[in-house]
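J.:
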Amino acid sequence: MAAFAGYDMPISYPMGAVEEHLLCRRSVGLFDIDHMGQVELRGPGADEFLSGLVSARVLDMPEGEARYALLLDESGFVLDDLFVYRLPGRWWIVVNASNRRADIDWMRSRAPGGVIVEDRSDDTYMIAVQGPRAVELLDSVSDRAVSVLPRFSAREMKIGGIELLFGRTGYTGEDGGELFFPADRALELWSSILEEGEKRGIETAPVGLAARDSLRFEAGMPLHGHEISPSVNPIEAGLKWACDFTKDFVGRKALESVVAAGPARRLVALDVRGGVPREGYEVVATASAGTASAGMANVVPGSKVGVCVAGMFCPSVRKYAANAFVSPEFSKPGTALAVSIRDKPRDALVVKRPLYLPAYRR
Amino acid sequence: MKIDPECRYRSTHEYARKDGSEIVVGISDHAQEALGDIVFVEMVEVGKTVAQGEAVGVVESVKAASDIYAPMSGTIKALNTALQGDPSLVNKDCYGAGWLLRMSPSKPAEWESLLDPAAYEKETGKD
């Protein structure tokens with residue numbers, strides 16, 4: 004257990020983080036993610052307010068759809084990343100635990116009269132059920148079929164006899180869903196999903212935060228505070244697809260300048276040999292990087308060209324890998340760089356992201 | 720937590736076990752459990768001479784990298800190459816297949832400076 008944003012969080016269960024990761028990729032993982040915050044937005048003008056607040060297009064969303072979006076400041080930096088659900092008469096927004104209060108303050112300070120920004124985090128519990136057999140398992144405990152719902156959609160339904168909001172969403176690269184329900188039913192729902200898995204012979208077990216991190220990392224999903232943060236813009240982080248430049252939103256002008264000038268650095272994945280790259284480790288040039296393409300003849304081997312923002316052992320692809328921000332001229336897949344691990348340069352090859360193709364893209 | 724009664728320990732959780740004129744070095748069950756899944760092991764090269772308490776390598780878990788210190792002074796005689804392919808052997812069998820290296824001690828009297836099983840058990844009770 005570890006303290007995180009005011010919660011005691013399970014880092015790993017007795018199974019161990021690597022096995023938990025592999026279990027989620029082959030069957031079903033159950034995630035206790037009550038630390039995630041939920042904000043409800045409603046009232047006259049809420050639609051337009053949200054559209055101007057977040058980077059993604061939201062006004063075209065039908066009720067029951069879910070979409071990824073970014074909350075930016077005026078300079079185009081990422082205050083948080085969000086999952087936005089459009090429900091009948093209201094918006095349901097999932098925010099990161101550590102940004103919850105700042106996000107809500109930011110929203111309230113900009114909300115026009117009539118728009119209600121309500122923090123629903125304390126009365127809402129959130130668990131995720133993820134893995135190739137998650138939908139099959141959920142179908143057996145729900146009052147309507149989960150399997151017929153499209154990816155990135157959400158419905159009110161009963162699971163394990165409990166009225167809840169179900170989203171066919173997740174943060175692992177696997178199929179499955181995320182469940183929002185009254186906090187006092189958490190233990191009951193958690194146990195009934197585990198029991199159903201056992202009964203049906205569908206291997207199901209709790210997965211902790213360490214494996215949640217390696218699962219999302221392999222699948223190329225950003226984690227706020229790492230690949231995105233208040234000092235990172237979405238263009239350099241490869242998240243331009245989550246920005247709709249046909250509408251107005253906070254930070255748009257700043258992003259247009261970044262697009263016009265080209266980002267000063269780019270997020271890349273590095274396949275590292277000879278050690279585990281970790282956050283804060285320097286990325287340095289190698290002799291081969293300097294000769295690989297024209298215009299880099301002046302690069303001195305060993306000179307710093309970037310920094311790792313996350314790194315770990317990736318159990319499914321069996322690689323030691325990092326996400327790093329590097330100067331754009333070193334961002335092409337195939338570029339040979341090095342990561343300085345305990346003061347020694349270790350071979351690091353720029354590879355295509357994501358390392359593991361998420362289920363919804365297959 | 721398992722404590723191998725044949726071993727002596729450092730308070731930094733390395734163990735040493737006598738095997739003829741050499742010692743086998745690894746990390747204790749308490750250490751592997753605290754570190755979590757071990758994903759990478761790197762030790763100094765065979766033939767290197769180290770002093771007691773000098774770093775002889777690094778064990779990296781899902782959570783963090785940890786230095787490994789020589790329980791006694793001496794020369795590195797062998798490394799457990801099986802850990803390159805499967806570092807999780809340290810988790811599965813830290814006193815057996817998950818050993819880290821073998822040393823030839825140059826100051827055999829240092830054995831007496833290490834914690835005996837009872838003292839190590841008392842030591843681990845503190846954290």
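Order-wise, the sequence lines are chains H and X. Mapped onto my numbering, the consecutive letters of the first sequence carry residue numbers 4 to 365. Mapped onto my numbering, the consecutive letters of the second sequence carry residue numbers 720 to 846. Note that beta-carbon positions come from the ideal geometry of N, C-alpha and C, so glycine has one too.
Check the Cβ-Cβ distances between residue 777 of chain X and every residue of chain H, and say whether any is below 8 Å.
T.: Yes, residue 777 of chain X counts as interfacial toward chain H.
J.: Would residue 325 of chain H and residue 275 of chain H qualify as a contact pair, given that the criterion is a beta-carbon distance under 8 Å?
T.: Cβ atoms of residue 325 of chain H and residue 275 of chain H: closer than 8 Å.
J.: In chain order, what residues of the stretch 314 to 348 of chain H put their CB closer than 8 Å to some CB of chain X?
T.: Of all residues in the stretch 314 to 348 of chain H, 315, 316, 323, 345 have a Cβ within less than 8 Å of some Cβ in chain X.
J.: Quick one: does residue 293 of chain H have its CB under 8 Å from some CB of chain X?
T.: Caution applies to residue 293 of chain H, whose pLDDT of 47 falls short of 50 and renders its modelled position unreliable; the value that the coordinates give is listed next. Chain X, which has no Cβ nearer than 8 Å to the Cβ of residue 293 of chain H, makes this no.
J.: Taking the C-alpha atoms as reference points, what is the distance between residue 6 of chain H and residue 779 of chain X?
T.: If I take the Cα positions, the gap works out to 22 Å.
J.: In this structure, how does DSSP classify residue 133 of chain H when only helix, strand and coil are distinguished?
T.: Here residue 133 of chain H sits in strand by DSSP.
J.: Inspect the beta-carbon positions of residue 25 of chain H and residue 319 of chain H and report whether they are closer than 8 Å.
T.: Yes.
J.: Report yes or no: is there a C-beta of chain H within less than 8 Å of the C-beta of residue 744 of chain X?
T.: Answer no: the Cβ-Cβ gap between residue 744 of chain X and chain H never drops below 8 Å.
J.: Please confirm whether residue 793 of chain X and residue 825 of chain X have their CB atoms less than 8 Å apart.
T.: Yes, they are a contact pair.
J.: Name the two residues that bound the continuous beta strand (DSSP E) containing residue 776 of chain X.
T.: Taken as a continuous stretch (DSSP letters only), the beta strand (DSSP E) holding residue 776 of chain X covers 774 to 780.
J.: How about residue 21 of chain H: is its C-beta nearer than 8 Å to some C-beta of chain X?
T.: Cβ-Cβ to chain X under 8 Å: yes for residue 21 of chain H.
J.: Determine which residues share a DSSP beta bridge with residue 799 of chain X and list them.
T.: None; residue 799 of chain X has no bridge partner.
J.: Run the CB neighbour count on residue 41 of chain H, radius 10 Å, all protein chains shown included, and call it buried at 16 or more, exposed below.
T.: The residue is buried, with at least 16 neighbouring Cβ atoms inside 10 Å.
J.: Looking at the strands, I want to know which residues DSSP matches up with residue 275 of chain H.
T.: Answer is H/323, H/351.
J.: I want to see whether chain H comes within less than 8 Å of residue 758 of chain X, judged by CB atoms only; does it?
T.: Yes, its Cβ sits closer than 8 Å to a Cβ of chain H.
J.: At a cut-off of 7 Å, is residue 308 of chain H close to the ligand MG when judged by its beta-carbon and the heavy atoms of the ligand?
T.: Among the components of this structure there are no ligands whatsoever, and the ligand MG is therefore not found.
J.: Residue 169 of chain H and residue 190 of chain H - do their beta-carbons sit closer together than 8 Å?
T.: No, they are not a contact pair.
J.: Residue 140 of chain H and residue 207 of chain H - do their beta-carbons sit closer together than 8 Å?
T.: Yes.
J.: Hey, which unbroken runs of the beta strand (DSSP E) at 3 residues or more fall wholly within the stretch 90 to 146 of chain H?
T.: Runs of the beta strand (DSSP E) inside the stretch 90 to 146 of chain H: 93 to 98, 119 to 122, 127 to 133.
J.: Tell me, to the nearest whole angstrom, how far the beta carbon of residue 156 of chain H is from that of residue 92 of chain H; I am working on the premise that it is less than 8 Å.
T.: At roughly 17 Å, the Cβ-Cβ gap does not stay under 8 Å, so residue 156 of chain H and residue 92 of chain H are not in contact.
J.: Tell me which residues share the same chain as residue 823 of chain X and place their Cβ nearer than 6 Å to its Cβ, disregarding the 5 neighbours each side in the sequence.
T.: Excluding sequence neighbours, residue 823 of chain X sits near 741, 793, 794, 796.
J.: Whole-angstrom Cβ separation of residue 126 of chain H and residue 49 of chain H, contact assumed at under 8 Å?
T.: Not quite, the Cβ-Cβ distance comes to about 20 Å (not below 8 Å), so this is no contact.
J.: Do you know offhand how far residue 61 of chain H's Cα is from residue 16 of chain H's?
T.: When rounded, the distance between both Cα atoms is 38 Å.
J.: Using a Cβ cut-off of 8 Å, pull out every chain H residue sitting near residue 817 of chain X, in sequence order please.
T.: Those within 8 Å of residue 817 of chain X in chain H number zero; the least Cβ separation is about 14 Å.
J.: Please state whether the Cβ-Cβ distance between residue 95 of chain H and residue 43 of chain H is less than 8 Å.
T.: Their beta carbons are under 8 Å apart, which means residue 95 of chain H touches residue 43 of chain H by this criterion.
J.: Determine the direct distance from the alpha carbon of residue 721 of chain X to that of residue 829 of chain X, and round the result to whole angstroms.
T.: Each residue's Cα considered, the two are about 24 Å apart.
J.: Nearest CA to the CA of residue 37 of chain H: which residue from H/69, H/97, H/51?
T.: For residue 37 of chain H, the nearest C-alpha among the options comes from H/97.
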